[in-house]
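Protein chains: 2
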Amino acid sequence: MPTIKDVAKALNLSITTVSRALDGYDDVADSTRELVIKTAHKMGYTPNRAARQLRRQQTDTIGYILPTEKPQFADPFYSEFIAGLGDTAAASNFDLIVSAAPPDSSAEKALYERWVQGRKVDGIIINRTRLLDWRVQYLAERETPFVSLERSQLPVEFIGVETETNQGMIELISYLANQGHSRIAYIGASPDLKIEYDRHLGYQVGLQEAQITSDPSLTIRANLTPEGGYQAVRQLLALANAPTAIVCVNDLTAIGAMHAAHESGLKVGRDIAIAGFDGIADSAHTQPPLTTLDQPVYEIASRLVTMLLSLIKGDLLSERQVKIQPKLLIRPSTGG
Amino acid sequence: MPTIKDVAKALNLSITTVSRALDGYDDVADSTRELVIKTAHKMGYTPNRAARQLRRQQTDTIGYILPTEKPQFADPFYSEFIAGLGDTAAASNFDLIVSAAPPDSSAEKALYERWVQGRKVDGIIINRTRLLDWRVQYLAERETPFVSLERSQLPVEFIGVETETNQGMIELISYLANQGHSRIAYIGASPDLKIEYDRHLGYQVGLQEAQITSDPSLTIRANLTPEGGYQAVRQLLALANAPTAIVCVNDLTAIGAMHAAHESGLKVGRDIAIAGFDGIADSAHTQPPLTTLDQPVYEIASRLVTMLLSLIKGDLLSERQVKIQPKLLIRPSTGG
DNA sequence: AATATTTCCCAAAACGTTTTGGAGAATATT
DNA sequence: AATATTCTCCAAAACGTTTTGGGAAATATT
Chain A
24 MPTIKDVAKA
34 LNLSITTVSR
44 ALDGYDDVAD
54 STRELVIKTA
64 HKMGYTPNRA
74 ARQLRRQQTD
84 TIGYILPTEK
94 PQFADPFYSE
104 FIAGLGDTAA
114 ASNFDLIVSA
124 APPDSSAEKA
134 LYERWVQGRK
144 VDGIIINRTR
154 LLDWRVQYLA
164 ERETPFVSLE
174 RSQLPVEFIG
184 VETETNQGMI
194 ELISYLANQG
204 HSRIAYIGAS
214 PDLKIEYDRH
224 LGYQVGLQEA
234 QITSDPSLTI
244 RANLTPEGGY
254 QAVRQLLALA
264 NAPTAIVCVN
274 DLTAIGAMHA
284 AHESGLKVGR
294 DIAIAGFDGI
304 ADSAHTQPPL
314 TTLDQPVYEI
324 ASRLVTMLLS
334 LIKGDLLSER
344 QVKIQPKLLI
354 RPSTGG
Chain B
24 MPTIKDVAKA
34 LNLSITTVSR
44 ALDGYDDVAD
54 STRELVIKTA
64 HKMGYTPNRA
74 ARQLRRQQTD
84 TIGYILPTEK
94 PQFADPFYSE
104 FIAGLGDTAA
114 ASNFDLIVSA
124 APPDSSAEKA
134 LYERWVQGRK
144 VDGIIINRTR
154 LLDWRVQYLA
164 ERETPFVSLE
174 RSQLPVEFIG
184 VETETNQGMI
194 ELISYLANQG
204 HSRIAYIGAS
214 PDLKIEYDRH
224 LGYQVGLQEA
234 QITSDPSLTI
244 RANLTPEGGY
254 QAVRQLLALA
264 NAPTAIVCVN
274 DLTAIGAMHA
284 AHESGLKVGR
294 DIAIAGFDGI
304 ADSAHTQPPL
314 TTLDQPVYEI
324 ASRLVTMLLS
334 LIKGDLLSER
344 QVKIQPKLLI
354 RPSTGG
């Protein structure tokens, strides 16, 4: 594997000149630059990343840690999200390093420390942000560039992307109300998650706009998985006064919810309405197809990377806080 | 951020000794080693990865490239797969870098070159192996350690994990035959993929064992997505002599297939039987729940990393070729 | 008491870059 | 013709480790 020294020797130039020719400095003659570029290419020279990183004190790498729950972890949201991160990073010649850890665990903490202290990454992408997320505190204190999907409640400047949920929820619930539903339940997630906070709030605002009085017994917390949604619906259907429509915090929950409804002999879309949130690809092919608030996951991921990279480079970011409007996709799971 | 030099100065030792104390060499007194470890920890010292990499000429990093298809890419298989890769790598203090590129594209080639030539990774994980996969040729030629999920047909030693499909397919098809099905279709994927080769072969062997003569018009190729499965079933149902059972190359295809069947007014599990392959988490919650050949994705990923790491370290690998038996999960989508 | 061995430590080189601070040659300006 | 300016180039230092090849002191062996 040729080094810069080999290229220099082959051309009888100093390594300084080769380096500067390759990096586009203007204190090297055009003729030599061309020559350098050509022979470097011919010799198959690629700069050694470690050496460059050591000297430059930066890594050209960004990090992302998957929020894996204990046993199994399979959410199509994340494969699309990671594809977006990886693609966009690669387009700027950055690398993406990925690891996995349960949220708010010691393993998570250890990973962040390893990456931040060891100067393993130039910046970090956070998602599934929690209301009082130690990660944003930690990264802000250490002045490590980071962007997040969803805003925490900590007094730290928020840079990233957030989904504006209220409008979409209002649309969804008004649609359900127009279909004649008045007992509309909500299946949420852990209350320390910002998405749960937002989506539950959106649900309540939606009810209010539709002039439906909120019934606390119709809000129930699950864990973002099909299993969670399945169990939650079994509870809801056991209620004396069971709901006729159910809004779920994400599509996976809705998939489990539909399963439980079917199992109880209800025809989803006729006997009960069920809606999700995320717009994962599967949602178009569930039986019946799922009404959902669709988010452009790939673009969100891509946008986050773009923002993070300019943060790292010290460019001034015109838009530090991007708001995304989810799009209501009405499908047969809510009748109509 | 303290360096090894700071630690050495604080203890009035040489950096050599500090380095060797930390690395566990036995030519340093136990008392000093303890002292070094303690103060290094107290000072918050973490070795700089770039410097270590440069000196050691290795990166403690493995790479994986997602096979993203053009528009959207969301397959829960991959979120679980990546979680397994990341977890297991992190447990050995290795990092996982992830990027994305369409299979067999110039972008894919560019990424591999960047990683291999630039010594960015110590080893690579391959999946969705193709029959004549340029990647295995390339990596073998460059003597870059790699492991793959599924074996190519190239004359290169195979190291990795493969799924033994025939047995599972025989079970599945014999089950279908016992249910009275004799027109059993197969929806596959691109024929250059090893999984397509294997699973299609398994299907044919299964038919043979069940003494059903194979009808070529019942094999149809899709693209591993729900959309593909959906379109394929529309074609199949338009046949003069339509199938009564359909075996799909993966669960996503099966999900789309069920959708199309429903849409044609067929009740899946009663009027038509549909089965998938992979055992993604959703498959338990489709309507009806999907019969599938379940693979332990997380364990497969984890196993691949373990193998790759010993390959990198030069340990002798006792098992270079691991065979996995998928497990048939019979669910209502095939009636019964 | 001399020699051999073990124990514990260290100075210096090396890994492959980028950057600093010029220096000589060519050209432009007086 | 002398001086100033611009063009090109380069030697050397630095980034933070690990490893090599000892070397001095302490201990064991004759």
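Chains as they are written, first to last, in my numbering: chain A, 24 to 359; chain B, 24 to 359. Cβ atoms here follow ideal geometry from the backbone N, Cα and C, with glycine treated the same way.
Endpoints, alpha helix (DSSP H) assigned at residue i
{"i": "A/Asp221", "result": "217 to 232"}
{"i": "B/Thr329", "result": "320 to 336"}
{"i": "B/Val270", "result": "No alpha helix (DSSP H) holds B/Val270; the beta strand (DSSP E) holding it covers 268 to 271."}
{"i": "B/Gly107", "result": "99 to 114"}
{"i": "A/Ala255", "result": "249 to 261"}
{"i": "A/Arg244", "result": "Not the alpha helix (DSSP H): A/Arg244 falls in the beta strand (DSSP E), residues 242 to 244."}
{"i": "A/Thr276", "result": "274 to 286"}
{"i": "B/Val179", "result": "Premise fails: B/Val179 is in no alpha helix (DSSP H) and is neither H nor E."}
{"i": "A/Ile235", "result": "Element bounds for A/Ile235: n/a, residue is neither H nor E."}
{"i": "A/Ser306", "result": "From DSSP, A/Ser306 is part of no alpha helix (DSSP H); its letter is neither H nor E."}
{"i": "B/Ser129", "result": "129 to 140"}
Alpha-carbon to alpha-carbon, residue j and residue i
{"i": "B/Leu102", "j": "B/Asp118", "result": "The sequence given here has Ser at residue 102 of chain B, not Leu. Going from the Cα of B/Ser102 to the Cα of B/Asp118 covers about 17 Å."}
{"i": "B/Thr26", "j": "B/Thr69", "result": "8 Å"}
{"i": "A/Tyr135", "j": "B/Ala113", "result": "12 Å"}
{"i": "A/Gln231", "j": "A/Val184", "result": "27 Å"}
{"i": "B/Gly107", "j": "B/Ile323", "result": "8 Å"}
{"i": "B/Asn264", "j": "B/Gly288", "result": "17 Å"}
{"i": "B/Gln176", "j": "B/Ala298", "result": "28 Å"}
{"i": "B/Lys28", "j": "B/Ile38", "result": "6 Å"}
{"i": "B/Gly292", "j": "B/Arg257", "result": "17 Å"}
{"i": "A/Cys271", "j": "A/Ile347", "result": "19 Å"}
{"i": "A/Glu164", "j": "A/Ile182", "result": "15 Å"}
{"i": "B/Lys61", "j": "B/Phe100", "result": "43 Å"}
{"i": "A/Pro266", "j": "B/His308", "result": "21 Å"}
{"i": "A/Pro355", "j": "B/Glu286", "result": "11 Å"}
{"i": "A/Pro312", "j": "A/Ala280", "result": "13 Å"}
{"i": "A/Gln310", "j": "A/Asp215", "result": "32 Å"}
{"i": "A/His223", "j": "B/Ser54", "result": "58 Å"}
{"i": "A/Glu92", "j": "B/Ser341", "result": "32 Å"}
{"i": "A/Leu352", "j": "B/Arg75", "result": "52 Å"}
{"i": "B/Asp46", "j": "B/Asp338", "result": "19 Å"}
{"i": "A/Gln344", "j": "A/Lys336", "result": "18 Å"}
Residue i, enclosing beta strand (DSSP E) - first and last residue
{"i": "A/Leu352", "result": "350 to 352"}
{"i": "B/Val184", "result": "183 to 186"}
{"i": "A/Asp46", "result": "Unbroken run through A/Asp46 is the alpha helix (DSSP H), 38 to 46; no beta strand (DSSP E)."}
{"i": "B/Gln344", "result": "344 to 347"}
{"i": "B/Ser171", "result": "169 to 172"}
{"i": "B/Gly299", "result": "296 to 301"}
{"i": "B/Tyr209", "result": "207 to 211"}
{"i": "B/Pro90", "result": "84 to 90"}
{"i": "B/Ile60", "result": "Note, B/Ile60: premise wrong, no beta strand (DSSP E); alpha helix (DSSP H) at 53 to 66."}
{"i": "A/Ser122", "result": "118 to 124"}
{"i": "B/Asp317", "result": "314 to 317"}
{"i": "A/Gly146", "result": "146 to 149"}
Distance between beta carbons of residue j and residue i, contact taken as under 8 Å
{"i": "A/Ala255", "j": "A/Ile196", "result": "Not confirmed; about 18 Å, so no contact."}
{"i": "A/Thr315", "j": "A/Leu199", "result": "Their Cβ separation, rounded to whole angstroms, is 13 Å, which puts A/Thr315 and A/Leu199 out of contact at 8 Å."}
{"i": "B/Ile269", "j": "B/Ile295", "result": "7 Å"}
{"i": "A/Leu154", "j": "A/Lys65", "result": "Contact flag wrong, Cβ pair sits at about 56 Å."}
{"i": "A/Gly225", "j": "A/Met192", "result": "3 Å"}
{"i": "A/Thr152", "j": "A/Ser128", "result": "Contact flag wrong, Cβ pair sits at about 16 Å."}
{"i": "A/Val30", "j": "A/Thr40", "result": "Wrong, their Cβ atoms sit about 10 Å apart, outside the cutoff."}
{"i": "B/Asn221", "j": "B/Thr188", "result": "Sequence check: residue 221 of chain B is Asp here, not Asn. The pair is a contact, with the Cβ atoms about 5 Å apart (cut-off 8 Å)."}
{"i": "A/Ala208", "j": "A/Leu259", "result": "5 Å"}
Residue i: CB within 7 Å of a non-hydrogen atom of the ligand GDP
{"i": "B/Ser240", "result": "Here there are no bound small molecules, and the ligand GDP is not part of this structure."}
Checklist entry - Is the stretch 156 to 167 of chain A close to the stretch 319 to 327 of chain A, with three or more CB pairs under 8 Å? => result Remark: fewer than three beta-carbon pairs, one from each stretch, lie closer than 8 Å, so the stretch 156 to 167 of chain A and the stretch 319 to 327 of chain A are not flagged as touching.
Item to check | Near-chain A residues of the stretch 51 to 84 of chain B (beta-carbon distance less than 8 Å), N- to C-terminal order | outcome: If you check each beta-carbon in the stretch 51 to 84 of chain B against every beta-carbon of chain A, the ones closer than 8 Å belong to Gly67, Thr69, Pro70, Asn71, Arg72, Ala73, Ala74, Gln76, Leu77, Thr82, Thr84.
Checklist entry - Just by C-beta distance, which residues in the stretch 287 to 309 of chain A are closer than 9 Å to chain B? => result Along the stretch 287 to 309 of chain A, going in chain order, the ones with a CB nearer than 9 Å to a CB of chain B are Val291, Ile303, Ala304, Asp305, Ala307, His308, Thr309.
Next on the checklist: Can you confirm whether the stretch 265 to 277 of chain A touches the stretch 242 to 251 of chain A when touching is taken to mean that 3 or more C-beta pairs between the two stretches lie within less than 8 Å?
Outcome noted: At 8 Å Cβ cutoff, the stretches touch.
Next on the checklist: For the pair the stretch 132 to 149 of chain A and the stretch 81 to 93 of chain A, tell me if three or more CB-CB distances fall below 8 Å.
Outcome noted: Because the criterion of three Cβ pairs below 8 Å is met, the stretch 132 to 149 of chain A and the stretch 81 to 93 of chain A touch.
Checklist entry - Per the contact definition of three or more C-beta pairs closer than 8 Å, is the stretch 121 to 132 of chain A in contact with the stretch 329 to 340 of chain A? => result Flag = no, the stretch 329 to 340 of chain A and the stretch 121 to 132 of chain A do not touch.
Checklist entry - At a Cβ cut of 8 Å, what residues of the stretch 135 to 165 of chain A count as close to chain B, listed as they run along the chain? => result Close to chain B, meaning a Cβ-Cβ distance shorter than 8 Å, are the following residues of the stretch 135 to 165 of chain A: Glu136, Arg137, Gln140, Gly141, Arg142, Lys143.
Checklist entry - When Cβ atoms are compared, which residues of the stretch 238 to 260 of chain A fall closer than 7 Å to chain B? => result Listed in chain order, the positions of the stretch 238 to 260 of chain A with a beta carbon within less than 7 Å of a beta carbon of chain B are Pro249, Tyr253.
Checklist entry - Relative to chain B, which residues along the stretch 97 to 109 of chain A have a C-beta separation below 9 Å, given in chain order? => result Correct list: Ala97, Asp98, Pro99, Phe100, Tyr101, Ser102, Glu103, Phe104, Ile105, Ala106, Gly107, Leu108, Gly109.
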